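Just so you know, my numbering puts 255 at position 255 of the sequence shown, and the rest follows in order with no gaps. Heads up, the beta-carbon is just placed ideally off N, CA and C, and yes, glycines get one too. Bear in mind the structure is a predicted one, so any value in this text is a computation, not a measurement.
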Amino acid sequence: MSKFSALQARESAAGDFEQVIVQRDIGDLPAGELLIRVKYSSLNYKDALSASGNRGVTRNFPHTPGIDAAGVVEASSVAEFSIGDEVIVTGYDLGMNTSGGFAQYIRIPASWALKRPKGLSLREAMVLGTAGLTAALCVDKLEQSGLTPDAGTVLVTGATGGVGSVAVALLTALGYRVAASTGKAEQADYLKALGAQQIVLRSELQEGIDKPMLKEQWAGAVDCVGGDILFNVVKSMRYGSSVACCGLTAGVGFKGSVLPFILRGVNLLGVDSVELPLVVKASMWDKLSLQWKVKLDALVSEVTLEQLPATIAQILAGKQVGRVLVNLA
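Next comes the structure, spelled out in structure tokens:
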């Protein structure tokens, strides 16, 4: 089969962006050592930005987004992978400026691919996707910084999003008491079903923005939103605790003070899952497939390629909850 279906984001003559389903030729894919028949992908906030024409994510259009893909190798020019191998791909340039996972086929460098961990199906791997990997990296960094379940409550901001939802479920499974912050008060039951024991409205985290310090509350935090909310979280951390920072939906900048760092010894930990060395990704995926494997049925909805444009609009409007699995099988 030389033709395949793909979602394509393209710019109109008026400068607007739309997403359409097109037929593409395999020969038009970029050069690479692996040709992969994609079975599943997932929708992340970065994918929605790319699909809507954000040139900070994707420079050239038309373009096929999708920073996640899981599928089967159909052609390989390297010894490490054979035809029939099941693989997962997250991050690097996939879906940014390289044709991505919202298509039945991708062609990539072999250095981007991991063989599917034995403890996860391809579907389960994409329910997690970049969001799940990022959440796990956040928890791992917090634990490396000394966080333990008996230390106190861990806050997760942006908790109804993909990263936040997985973080709540994972922390709960590991025995932590979790406070989930959201701007969607109507989703409290959803968050409690994931294991959150306390719901914190976004408006509560916006109070005291002009104060250099706030009351000590949290033993650890996973921040998925950034902006001024991030620094209000930093100001309310307990002595010697850490915040893992991985998101920007509330903004890329914040008003800050050195006081939480020099008076309470708070640590602000940056988390990146895109350019992470493959060996580190492999280690984290192994963890997610074994001792950190969590039940994710409550946080996933499944869509087809044809349903993706409407779902992209939903995530950009801040209405999407949990993870979105894209079925390309």
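Reduced DSSP secondary structure (H/G/I, E/B, other) of residue i
i    : result
M284 : helix
N97  : coil
Q307 : helix
W218 : strand
D47  : helix
Q23  : strand
K319 : coil
S5   : strand
V57  : coil
F113 : Here residue 113 turns out to be Ala, not Phe, going by the sequence shown. Correct three-state label for A113: strand.
G71  : strand
R202 : helix
L325 : strand
S121 : coil
V258 : coil
M213 : coil
V274 : coil
T148 : coil
V279 : helix
E143 : helix
For residue j and residue i, believed in contact at Cβ under 8 angstroms, the rounded distance
i    : j    : result
G71  : I36  : 5 angstroms
G195 : V168 : 6 angstroms
G129 : S42  : 4 angstroms
A244 : V266 : Rounded, the Cβ-Cβ distance is 12 angstroms, inconsistent with contact.
V156 : A180 : 5 angstroms
L94  : V139 : L94 to V139, Cβ: 24 angstroms. No contact.
Euclidean distance between Cα positions of residue i and residue j
i    : j    : result
L268 : G318 : 26 angstroms
E143 : C224 : 17 angstroms
A151 : V274 : 30 angstroms
G84  : S76  : 10 angstroms
A113 : I88  : 6 angstroms
A177 : D228 : As written in the sequence, residue 177 is Arg, which differs from the Ala given in the question. About 24 angstroms.
S203 : A31  : 48 angstroms
V22  : V38  : 16 angstroms
M213 : G146 : 22 angstroms
T148 : S5   : 47 angstroms
G101 : S242 : 34 angstroms
T182 : T311 : 20 angstroms
V154 : L201 : 15 angstroms
D344 : F61  : Since the displayed the chain opens at 1 and closes at 329, residue 344 lies outside it and no answer follows.
G119 : L288 : 8 angstroms
K255 : D25  : 49 angstroms
L205 : L263 : 21 angstroms
T58  : D47  : 10 angstroms
K235 : E306 : 44 angstroms
K295 : A110 : 30 angstroms
G220 : N54  : 32 angstroms
L191 : M284 : 24 angstroms
D189 : A14  : 43 angstroms
Q8   : G66  : 10 angstroms
L278 : S121 : 19 angstroms
G56  : C246 : 17 angstroms
T64  : T98  : 8 angstroms
L290 : Q19  : 37 angstroms
Cβ neighbour criterion (16 or more within 10 Å) applied to residue i
i    : result
G158 : buried
T90  : buried
E207 : exposed
S52  : buried
R323 : buried
P117 : buried
Y239 : exposed
N44  : buried
V163 : buried
E80  : exposed
D68  : buried
K141 : buried
G251 : exposed
E11  : exposed
P260 : buried
Q104 : buried
A185 : exposed
DSSP beta-bridge partners of residue i
i    : result
Y105 : R37
L268 : V243
G226 : G251
E18  : R10
V156 : A180, V222
V89  : A69, A113
L300 : Checking the sequence shown, residue 300 turns out to be Val, not Leu. Per DSSP, R323.
M237 : W218
S76  : L34
S42  : L325
Cβ-heavy atom distance, residue i to the ligand FMN, below 7 angstroms
i   : result
A14 : Ligands in the displayed structure: none, and consequently the ligand FMN is not present.
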